[in-house]
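Under the numbering used here, the first residue of the sequence shown carries the number 711, and numbering increases by one thereafter. These notes are about the structure you will find just below.
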Amino acid sequence: MRASCTTLLRAGGVVKTEQFLREGTTRRELSRAVMSGSLVRIRKGWYALPGLAPAVEQAFRVGGVLACADAARVHGLWVPAFRGLHVGVPEQASRLRDRERYHLRLDTSDDVVVHWSAAAAPPCTLVQSMEDCIVIASHCQGAEFGFVLLESALRQGLLGTAAKNRLLARLPTRLAVQLRWAGRLSESGLESMVAFRLRRIGVRFRQQVRVGARRVDFLIGEVLVLEVDGSEFPEADRDNRRDIELGRLGYRIHHFRTATVDTHWEAAEADILAAVSRGDHLRS
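Right, dumping it as structure tokens:
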């Protein structure tokens, strides 16, 4: 294989048969490379190095690039639960294939979500850019989903203020006004979800506020503390000690676990609104 093909493959891209042939690789050599495992035929006439992420390989086999929530995961963002394989394809794309077997056409009943306006195009790019995937995910999965992705990118320093502003400018007003509050203070995706939902119901708060010797996740008003714990095995003793310490300082504490945020938020929201209505957020 000549240098250009090798470079493209090592960069995580794919190479078409014709390009190999133009650069001096024979069909026999390609067949041997596939048989030896040094190349993978992922679609008719297309080859890649072994070791591509399965979702990336499947998206290319369908006929596009990994997009939306799937691309966000590859970029290392915290991604809420979602369904399907999300594939970005050019608007003029045709002959989409099965995600597992390239000789079969894509069935509309397959668990594949096709995004027809994807900017990225194979073979040089196999994964949608971070900005593109957040924009697409905000449309596809909703404002909260996009907010969580954007906060994750900002928190990790993967996007800056200029990129955030570019991204917001690409969104319709109904989405942009909800994502504009995204910042760097949420330390987990769960905290981002809680921040989004508190703003949605009009509850004002501050994040990562130092109270005594430690910081709290959310502070509503003067003394109402919300703590978000996404760990699989919450440390009850540690939480109890912290709660006692905060209680001595006059604070009232509500804890939210993963299950609460994921499946029981309506009840949690009602508790928060009731607490604010009672004045629990104010010092006695």
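Think of the CB as a built atom: it goes at the ideal place given N, C-alpha and C, for glycine as much as any other residue.
Beta-bridge partners of residue 733 (DSSP): none assigned. Annotation: the continuous alpha helix (DSSP H) that includes residue 863 extends over 853 to 865. Here the alpha carbon of residue 907 sits roughly 53 Å from the alpha carbon of residue 746. In the three-state DSSP reduction, residue 975 falls in the helix class (H, G or I). Distance check between residue 883 and each of 916, 866 and 845 places 845 closest, using alpha-carbon atoms only. If you ignore the 5 residues before and after residue 850, its C-beta comes within less than 8 Å of the C-beta of 778, 779, 796, 823 and 825, all in its own chain and listed in chain order. Counting C-beta pairs closer than 8 Å gives three or more between the stretch 928 to 943 and the stretch 897 to 912, which meets the contact rule. Just so you know, the alpha carbons of residue 733 and residue 869 end up roughly 38 Å apart. Bounds of the alpha helix (DSSP H) holding residue 783 are 778 to 784. For the pair residue 749 and residue 763, the CB atoms are not nearer than the 9 Å cut-off.
Nearest C-alpha to residue 926 among 918, 983 and 859: 918. Rounded to whole angstroms, the separation of the alpha carbons of residue 774 and residue 805 is 11 Å. Burial check for residue 862: the Cβ neighbour count within 10 Å reaches 16 or more, so the residue is buried.
In the DSSP assignment, residue 798 is bridged to 775 and 825. Residue 981 has its alpha-carbon roughly 21 Å from the corresponding atom of residue 854. Straight-line spacing of the CA atoms in residue 878 and residue 971 works out to 26 Å.
With contacts defined as CB atoms closer than 9 Å, residue 798 and residue 758 fail to qualify as a contacting pair. DSSP places residue 937 in the uninterrupted beta strand (DSSP E) bounded by 934 to 939. Here residue 740 carries a helix assignment [DSSP, helix/strand/coil]. For residue 900, no pairing in a beta bridge is given by DSSP.
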